[in-house]
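Listed in order, the protein sequences are those of chains A and B. The numbers in the numbering used here rise by one with no breaks, and the one at position 276 of the first sequence is 276. The numbers in the numbering used here rise by one with no breaks, and the one at position 144 of the second sequence is 447. Ideal Cβ positions, reconstructed from N, Cα and C, are used throughout, including at glycine. Structure, as structure tokens:
Protein chains: 2
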Amino acid sequence: MTRLRIDLAYDGGGFYGWAKQPNLRTVQGTIEDALHKVLRVPTDDAAEPLRLTVAGRTDTGVHASHQVAHLDVSDEVLNRCVGHMTIPVTEALTRRLKAVLPSDIVIHGIAVAPVGFDARFSALERTYVYRVADRSSEVDPRLRGCVLTVDEALDLELMNRAASLTIGLHDFGSFATPNPGGTTIREVKTAYWRRVPITPLVPDEMASHEAYRTPSLESGLVVFTIVADAFARNMVRSLVGSCIKVGSGRKSLEWFAGKMAEPVREGSSGPIAPQGLTLEHIAYPADDQLAARAEAIRAVRTL
Amino acid sequence: MTRLRIDLAYDGGGFYGWAKQPNLRTVQGTIEDALHKVLRVPTDDAAEPLRLTVAGRTDTGVHASHQVAHLDVSDEVLNRCVGHMTIPVTEALTRRLKAVLPSDIVIHGIAVAPVGFDARFSALERTYVYRVADRSSEVDPRLRGCVLTVDEALDLELMNRAASLTIGLHDFGSFATPNPGGTTIREVKTAYWRRVPITPLVPDEMASHEAYRTPSLESGLVVFTIVADAFARNMVRSLVGSCIKVGSGRKSLEWFAGKMAEPVREGSSGPIAPQGLTLEHIAYPADDQLAARAEAIRAVRTL
């Protein structure tokens, strides 16, 4: 049996989230179907389930630029994908998956996982970014699938004061969908809002001397970056929605502070639209810490 | 009668190009329909045609981040869009258009055009950018609608040597769809290929001290920038396709040089896929030069 680490990306716009659900197009379901196909394993083969375990179970419409999953597969089955090629089995599987996966899923790489690696439980921290176009952004329609447009002017200083209240170990019960039996206590490492400066797509020193400089697509967007050990259900989108209420003047900073101080769901803003949200990164410890980390996390977290 | 200058952007993926065609969804057709609606002018009103003149007539599937058009409209009709609002007529029209246009068209601004302005004939130069992901780009699936993915390693140095051959006044007959009665002589001001460096979305000095830095979406892409007074039909996409043939080793630099030296269509590569191409900018002269420029260009160009 070999455990593979799969690094991948997807445009969440066409999926009902990561987690497999009957009769719905999901990322997990699409990739597992592709695995069964290229490894020639019937989907009802109990000895070879080809089940993916993922670091961040994204919701409907949420994107991932750098998602990580693991897969346990028997060596006999895995070797089937090499065929007549003289390349490593991981590269053979990557090529075959690319050939059958739709264009909204991209496999960045497949590797044999180090001993003790668990995509979900070994993870140290997760980075999410939420992209917003406000009244002073000149939003490019090519990005409308991964940016939320709001018709207001946003006060980033106020939003950063709200964001800074989330840093540290807190109960995010006001910003999470209830999870019976689970905890909503999480540790936020950093959280901040920034406006992306108008930046040339090609840096000055590389460009020729034309008068007009094409800006990078994300120039002028307002982006929220948040890093935490893990996130409660809908936590990032609820925090973003609440920060935007503060930044547009519809709610006060005190209202936000109250929600942080008293972790109750009632009266908080629900999750904002999913298309602005992207899972950008999963951090893992050094290889010799993977198993210990997974064991420690499994012990404390049921979510 | 007032002449308006309209600055706009669109995702070309859902349009059969700019130019209005019966029974096809086009950018011009969509905006003109919206104008008739918000200004309450019947579409068959010969006295008030509400016809847009555009700087760059993009083809099916080609995007525009900064397109410019002009519109002549009688003051009586234009004033209809103000209604009970106490704002300038150009702002009123912008708001009403935004309310009815689909999300793949964005109006950046509407202004009363300076005397002598003609969106098409006053233009000094046009900037197009073509975005490619090659084998060493880690393409983000969210950008697949505006990036062409090629499964090859591209030699940018060779491609830049090809691109540099296009600079200056040349007959681009080898790279243009024939235009009976028109010329394919154009003046290319600059043309170059660059790989976008891996750049943080939020610059270092603005970010907090997290370990992982989210890269901007276009990091690692290979982009072609070309600026010319004007372009012959399919010229940019044919040049891009030919440069990629050179950069991937399928054709030699000498082959490209031969096509430049002998402007014949036969044997050249046709236009490459449209989704990588975006009209990024139109440059106009100072206001007091607009009319003279338009007169000079009208005299020499029939295309």
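| In three-state terms, what does DSSP make of Val603 (chain B)? | helix
| query | Is Gly484 (chain B) buried or exposed, if buried means 16 or more other CB atoms sit within 10 Å of its CB? | reply | exposed
| Are the beta-carbon atoms belonging to Val112 (chain A) and Thr30 (chain A) less than 8 Å from one another? | no
| request: Determine, using beta carbons only, whether Ala312 (chain B) and Asp140 (chain A) come nearer to each other than 8 Å. | output: yes
| Cα-Cα separation, Ala47 (chain A) to Val77 (chain A) | 11 Å
| message | Please report whether the beta-carbon of Lys189 (chain A) lies at a distance below 8 Å from any beta-carbon of chain B. | response | yes
| task | Would you mind giving the Cβ-Cβ distance between Phe172 (chain A) and Ala232 (chain A), rounded to the nearest angstrom? I have them listed as a contact below 8 Å. | result | 5 Å
| Bridge partners of Pro200 (chain A), per DSSP? | A:Pro215
| query | Got a sec? Which residues, its chain only, sit under 6 Å from Phe424 (chain B) by beta carbon, not counting five neighbours each side? | reply | Ala597, Ile600 and Arg601
| query | In chain A, which residues lie with their C-beta within 9 Å of the C-beta of Val543 (chain B)? | reply | None at all; the shortest Cβ gap to chain A is about 15 Å.
| task | In angstroms with no decimal places, state the Cα-to-Cα distance between Asp590 (chain B) and Ala426 (chain B). | result | 11 Å
| query | Closest Cβ-Cβ distance between Arg194 (chain A) and chain B: below 8 Å? | reply | yes
| said: Using only the alpha-carbon positions, how far apart do Asp362 (chain B) and Thr430 (chain B) sit? | reply: 15 Å
| query | Does Ile408 (chain B) get closer than 8 Å to chain A when you measure Cβ to Cβ? | reply | yes
| Contact check, Gly412 (chain B) vs Asp310 (chain B), beta carbons under 8 Å | yes
| field | Contact set between the segment 429-451 of chain B and chain A, restricted to residues whose Cβ is under 7 Å from the partner | value | Thr430, Val432, Glu441, Val442, Asp443, Pro444, Arg445, Arg447, Gly448 and Cys449
| By how many angstroms is the C-alpha of Val240 (chain A) removed from the C-alpha of Leu303 (chain A)? | Caution applies to Leu303 (chain A), whose pLDDT of 44 falls short of 50 and renders its modelled position unreliable; the value that the coordinates give is listed next. One C-alpha to the other measures close to 21 Å.
| Proximity to Ala456 (chain B) [Cα-Cα], best of B:Gly552, B:Val491, B:Glu394 and B:Ser519 | B:Gly552
| message | Which of the three DSSP states is assigned to Ser103 (chain A) in this structure? | response | coil
| Can you name the residues of chain B whose CB is closer than 8 Å to the CB of Pro114 (chain A)? | Here the premise fails: no neighbours, minimum Cβ distance about 19 Å.
| message | Using the three-state DSSP reduction, which class does Glu91 (chain A) fall into: helix, strand or coil? | response | helix
| query | Which chain B residues are close to Ser216 (chain A), counting only those with a beta carbon under 7 Å from its beta carbon? | reply | Ser519 and Glu521
| said: Please classify Ile87 (chain A) as buried or exposed, where buried requires at least 16 neighbouring CB atoms within 10 angstroms. | reply: exposed
| query | Which two residues bound the contiguous alpha helix (DSSP H) that contains Thr30 (chain A)? | reply | Val27 to Val38
| task | Return the CA-CA distance between Ser174 (chain A) and Ala19 (chain A), expressed in angstroms with no decimal places. | result | 24 Å
| field | Local conformation of Trp193 (chain A) per DSSP, three classes | value | strand
| Using DSSP with H/G/I as helix, E/B as strand and the rest coil, what is Glu583 (chain B)? | strand
| query | For Ala494 (chain B) versus Thr487 (chain B), is the C-beta distance shorter than 8 Å? | reply | no
| task | Would you mind telling me which residues of chain A sit closer than 7 Å to Pro500 (chain B), beta carbon to beta carbon, in chain order? | result | Pro203
| message | Give me the chain D residues within the contact set of Asp590 (chain B), using Cβ-Cβ distance strictly less than 9 Å, ordered along the chain. | response | Protein chains in the displayed structure are A and B, and chain D is not among them.
| Met462 (chain B): contacting residues in chain A (beta-carbon distance under 9 Å) | Near Met462 (chain B) there are no residues of chain A at all, since even the closest Cβ is about 14 Å away, more than 9 Å.
| request: Report back the beta-carbon spacing between Ala379 (chain A) and Glu125 (chain A) to the nearest angstrom; my notes put them in contact at under 8 Å. | output: Since the displayed chain A opens at 1 and closes at 303, residue 379 (chain A) lies outside it and no answer follows.
| DSSP beta-bridge partners for Glu490 (chain B)? | B:Leu472
| said: My output table needs one value for Gly125 (chain A): the three-state DSSP class, helix, strand or coil. | reply: The residue asked about is misnamed: residue 125 (chain A) is Glu in this sequence, not Gly. The answer is strand: DSSP assigns Glu125 (chain A) an E or B state.
| field | Alpha carbon of Ser377 (chain B) to alpha carbon of Leu143 (chain A), nearest angstrom | value | 35 Å
| said: Do Gln578 (chain B) and Gly386 (chain B) count as a contact pair if the criterion is CB distance below 8 Å? | reply: no
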